[in-house]
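Residue numbers (our numbering): 173 to 783.
Backbone N, C-alpha and C define an ideal beta-carbon position, used for all residues, glycine too.
Encoded structure:
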């Protein structure tokens with residue numbers, strides 16, 4: 173199949189700076205088993221422009237360069253019935269999908285972090301299998317589908333699952349260009365009307381073709397194999413993909429240099445391409461440990477004194493005859509600052525069966541009307557007819573029905589669209605503001621965790637509300653709002669002091685959800701209960717635990733609400749209560765310690781890693 177060469181405005185070699193990204197693309201052209209490339213960068217860093225420039229080279233190599241649109245359907249990816257040919261021939265004729273068309277070449281997925289997970293799962297599944305298996309609408313066949321994935325993403329627009337991230341052989345962070353001379357060069361390049369792109373592209377292609385031949389002769393010794401494994405182990409990556417991809421990258425780079433034996437320095441040159449998105453920082457570097465030693469000794473001494481004081485307080489904890497926890501509380505009010513934020517672990521929620529109008533980015537739901545992504549067609553009647561599916565169902569019978577010019581469609585041919593899109597939730601933060609939260613300044617870390625969750629809510633376009641319980645009552649300090657600036661302001665103002673009326677917090681949560689459901693009956697709720705669990709106020713005169721259990725049972729019966737308990741109790745103490753864990757069990761909630769909420773952060777990679 174011939175491939176039309178369409179020259180873009182800027183050539184690959186003349187593309188200013190970003191040498192690491194260009195090298196990674198060339199290595200994938202030399203050796204497709206390098207595993208593909210993910211370009212991470214903010215808007216305007218040239219990710220898409222570089223890929224368009226690379227397209228010139230791919231076209232010259234006579235390889236497919238298939239771009240996947242953001243609104244792609246499963247049928248477009250995998251293939252389906254060719255309606256026009258089916259109508260002509262009176263039998264089902266298969267039309268190839270994008271994945272089959274990309275066989276032997278490159279599949280380009282721009283803004284990969286904005287694609288639905290089910291679409292990405294399909295793409296990576298077919299790639300790992302090396303063939304496209306189609307079983308749909310009376311068609312069963314297998315097609316080869318070996319391709320290299322090139323993708324881009326802006327980390328500010330959303331995350332990408334670590335599972336998908338690990339599938340990429342290479343990753344490059346494209347930073348803004350700060351150098352004045354290079355910026356001038358970019359302007360001049362874009363203002364030029366005539367560029368000799370053909371000559372430039374031919375030179376690049378010749379180099380790639382030479383390297384593709386030479387790579388067959390490249391040798392990799394046992395010593396280098398051991399060195400690759402050591403590098404990967406030092407980076408503390410999980411799985412074995414890094415070892416495999418680094419091996420192929422080292423061989424491709426050796427061929428690119430027109431050498432025949434892989435050396436350690438060649439491995440070092442490409443190691444960051446393979447490891448940057450897989451590295452996990454386990455402990456600070458040695459020099460940092462040395463600098464922190466004197467400071468640590470001082471902190472250790474202070475910590476021991478604080479622990480002695482804390483142990484005395486914890487030892488005073490006891491259960492009265494009514495089952496109420498009696499403990500000294502920090503009556504003095506104090507407003508703690510907000511701690512450092514972090515990237516929150518992804519919290520997956522189940523998809524329900526309700527059909528609703530939806531906006532947001534958190535959970536998938538079936539939607540009414542014409543909005544949303546077309547998922548599948550089926551016979552059950554809905555608002556919108558799936559025209560293409562209806563025609564496909566009717567097309568094999570046109571000759572039997574005696575069609576002459578117009579398509580003959582009967583009622584049994586009708587197919588309807590099932591559509592889905594992501595919806596937002598109303599997220600309710602139920603925060604413990606009692607005196608026990610002020611011990612060892614735990615409220616600073618707690619506020620940092622809430623700040624991180626607020627940022628996640630902002631990205632998911634959720635509404636947020638906030639309830640604080642302390643002393644002898646609970647109050648809604650922030651009614652549901654889309655203003656995350658207002659939520660941050662309320663977070664900063666939360667004081668600590670007094671007893672722990674956890675029951676009051678649960679009752680206030682139940683009443684708030686009940687009121688909101690009257691206004692928005694199709695809403696879904698996500699409740700974060702943030703507490704150390706040390707309740708010591710009974711509202712009904714019953715034992716505290718009995719009262720808590722009955723309230724949790726009442727809340728867990730709300731089908732439209734999901735619960736997450738975040739335990740702020742220090743677990744390294746001799747005496748630990750673990751009451752928050754029991755509350756999570758009664759609520760049928762997910763249970764986390766504050767540390768467990770943290771996840772690997774692509775944005776952190778872009779900030780911390782410099783090439």
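{"Asked": "Give me the residue from 213, 244, 198, 210 with the minimum Cα distance to residue 230.", "Found": "198"}
{"Asked": "Let's test the definition: count the other Cβ atoms within 10 Å of the Cβ of residue 637 and tell me whether it reaches 16, buried, or not, exposed.", "Found": "buried"}
{"Asked": "Counting C-beta neighbours from all protein chains within 10 Å, is the total for residue 371 16 or more, i.e. buried, or is it exposed?", "Found": "exposed"}
{"Asked": "In the DSSP assignment, find the unbroken alpha helix (DSSP H) run with residue 206 in it and report its ends.", "Found": "Per DSSP, residue 206 belongs to no alpha helix (DSSP H) and is neither H nor E."}
{"Asked": "Straight-line CA distance for residue 765 to residue 245?", "Found": "39 Å"}
{"Asked": "Can you tell me which of 737, 744, 743 puts its alpha carbon nearest to the alpha carbon of residue 753?", "Found": "737"}
{"Asked": "If you scan the region 638-703 from start to end, which runs of the alpha helix (DSSP H) of 4 or more residues do you find wholly inside it?", "Found": "656-665, 674-691"}
{"Asked": "Just how far apart, CA to CA, sit residue 315 and residue 750?", "Found": "55 Å"}
{"Asked": "Under 9 Å, do residue 596 and residue 686 count as touching if we go by C-beta distance?", "Found": "no"}
{"Asked": "So does the region 184-193 actually touch the region 217-227, counting three or more Cβ pairs closer than 8 Å?", "Found": "yes"}
{"Asked": "Could you spell out where the beta strand (DSSP E) holding residue 267 opens and where it closes?", "Found": "266-268"}
{"Asked": "Going along the chain, which residues of its own chain have a beta-carbon closer than 6 Å to the beta-carbon of residue 341, five neighbours each way excluded?", "Found": "206, 207, 208, 417"}
{"Asked": "Kindly provide the ranges of any alpha helix (DSSP H) runs that are 4 or more residues long and lie completely inside the region 710-777, ordered along the chain.", "Found": "716-728, 751-759"}
{"Asked": "As a quick exercise: from 320, 183, 243, pick the residue whose alpha carbon is nearest that of residue 280.", "Found": "320"}
{"Asked": "Using DSSP with H/G/I as helix, E/B as strand and the rest coil, what is residue 575?", "Found": "coil"}
{"Asked": "Sorted by chain position, which residues of the same chain lie with C-beta nearer than 6 Å to residue 323's C-beta, five sequence neighbours on each side aside?", "Found": "210, 281, 284"}
{"Asked": "Expressed to the nearest angstrom, what Euclidean distance is found between the alpha-carbon atoms of residue 560 and residue 576?", "Found": "20 Å"}
{"Asked": "Under DSSP, the alpha helix (DSSP H) around residue 349 begins and ends at which residues?", "Found": "Where residue 349 is concerned, there is no enclosing alpha helix (DSSP H), given that its DSSP letter is neither H nor E."}
{"Asked": "Under DSSP, the beta strand (DSSP E) around residue 323 begins and ends at which residues?", "Found": "320-325"}
{"Asked": "Starting from the C-beta of residue 538, find all residues in its chain whose C-beta is less than 6 Å away, skip the five residues before and the five after it, and write them out in chain order.", "Found": "527, 592"}
{"Asked": "Rounded to whole angstroms, what is the Cα-Cα separation between residue 635 and residue 328?", "Found": "20 Å"}
{"Asked": "Do the region 670-677 and the region 605-619 make contact, defined as three or more Cβ pairs closer than 8 Å?", "Found": "yes"}
{"Asked": "Can you tell me the Cα-Cα spacing of residue 401 and residue 431, whole angstroms?", "Found": "22 Å"}
{"Asked": "How far does the alpha helix (DSSP H) with residue 301 in it reach, from first residue to last?", "Found": "289-301"}
{"Asked": "I'd like the span of the alpha helix (DSSP H) that includes residue 549, first residue to last.", "Found": "Looking at the DSSP string, residue 549 is not in any alpha helix (DSSP H); the run it does join, the beta strand (DSSP E), is 545-550."}
{"Asked": "When burial is assigned at 16 or more other CB atoms within 10 Å of the CB, is residue 768 buried or exposed?", "Found": "exposed"}
{"Asked": "Go ahead and label residue 202 buried or exposed: buried means 16 or more other beta carbons lie within 10 angstroms of its beta carbon, across all protein chains shown.", "Found": "buried"}
{"Asked": "Within 10 angstroms of its Cβ, does residue 641 collect 16 or more other Cβ (buried), or is it exposed?", "Found": "buried"}
{"Asked": "Using CA atoms only, rank isn't needed, just tell me which of 550, 554, 548, 331 is closest to residue 540.", "Found": "554"}
{"Asked": "Just confirm the distance between the C-beta atoms of residue 392 and residue 422, as a whole number of angstroms; I'd bet it's less than 8 Å.", "Found": "7 Å"}
{"Asked": "Using only alpha-carbon positions, find the residue among 212, 523, 529 that is nearest to residue 535.", "Found": "523"}
{"Asked": "Which value, in whole angstroms, describes the spacing of the CA atoms of residue 574 and residue 291?", "Found": "39 Å"}
{"Asked": "Applying the criterion that 16 or more other CB atoms from any shown protein chain within 10 Å of the CB defines a buried residue, is residue 484 buried or exposed?", "Found": "For residue 484, the pLDDT reaches just 45, beneath the cut-off of 50, and the residue's location in the model is therefore unreliable, although a value from the coordinates is still provided. With fewer than 16 other Cβ atoms within 10 Å, it is exposed."}
{"Asked": "Taking the straight line between their C-alpha atoms, what separation do you get for residue 505 and residue 648?", "Found": "19 Å"}
{"Asked": "Suppose the cutoff is 7 Å on Cβ atoms and the five residues either side in sequence are ignored; what does the same chain contact list for residue 196 look like?", "Found": "209, 342, 344, 445"}
{"Asked": "Helix, strand or coil, according to DSSP, for residue 239 in the structure here?", "Found": "strand"}
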